[in-house]
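Numbering (UniProt numbering), first residue to last: 1 to 206.
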């Protein structure tokens, strides 16, 4: 078996950060379906973009329809789904971007894998905490109803477990506060971490 050695660019991560004037961070939203992950992720992306940050949103539904459409919702495929997403996010972080993602990511082991892949200092875990009963009330897609009838196997919260983070970097409670209140907490926590630590120009060696 041949060994494949990663391609090494002549442009360093430090140079990319200096040029973009920001600290690459992955903001990882986790929570039950219907908890408000995607809504908050979209709002945070919109805010950061209009503040001048170079930011991109990775959403679970979109990737399931493209890159990961060959995967099922079995525990093994769920883990592979998250691994692929983490590898994509790592490339985007290496390019200097801020990445916002919204994935149920129900298992603690999966989320720890993401942290290991992208790096401890580039990972922000946000737990969107919302009780199952409230998520079911918000079931605009009818997914919980189908899961209750056994029409959707391995559905998180019904026929598959959700392991809530024990020590998330940030927890928002969307059943107790408005989206605007949750968003404000996010902004206050995330924005200082994506601001460039040093406003210096990049030095390019040829």
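Just so you know, even glycine gets a beta-carbon here, dropped at the ideal spot from N, CA and C. This one's a predicted model, so the numbers in the text were calculated from it and none came from an experiment.
| Check | Outcome |
| --- | --- |
| What number of angstroms, rounded off, separates the C-alpha of residue 87 from the C-alpha of residue 181? | 32 Å |
| What does residue 22 pair with, by DSSP beta-bridge criteria? | 195 |
| Counting pairs of beta carbons, one from the stretch 76-84 and one from the stretch 107-119, are three or more of them closer than 8 Å? | yes |
| Does residue 104 pass the burial test, meaning 16 or more other C-beta atoms within 10 Å, or should it be called exposed? | buried |
| Suppose the cutoff is 6 Å on Cβ atoms and the five residues either side in sequence are ignored; what does the same chain contact list for residue 196 look like? | 21 and 22 |
| Our contact map puts residue 75 next to residue 162 with C-beta atoms below 8 Å; I'd like the distance itself, whole angstroms only. | About 13 Å separates the two Cβ atoms, so there is no contact after all. |
| Taking the C-alpha atoms as reference points, what is the distance between residue 132 and residue 19? | 44 Å |
| Which residue comes first and which comes last in the beta strand (DSSP E) that contains residue 158? | Where residue 158 is concerned, there is no enclosing beta strand (DSSP E), given that its DSSP letter is neither H nor E. |
| Along the beta strand (DSSP E) that carries residue 125, what are the first and last residues, could you check? | 123-129 |
| Is the stretch 88-99 touching the stretch 132-148, taking contact as three or more C-beta pairs under 8 Å? | no |
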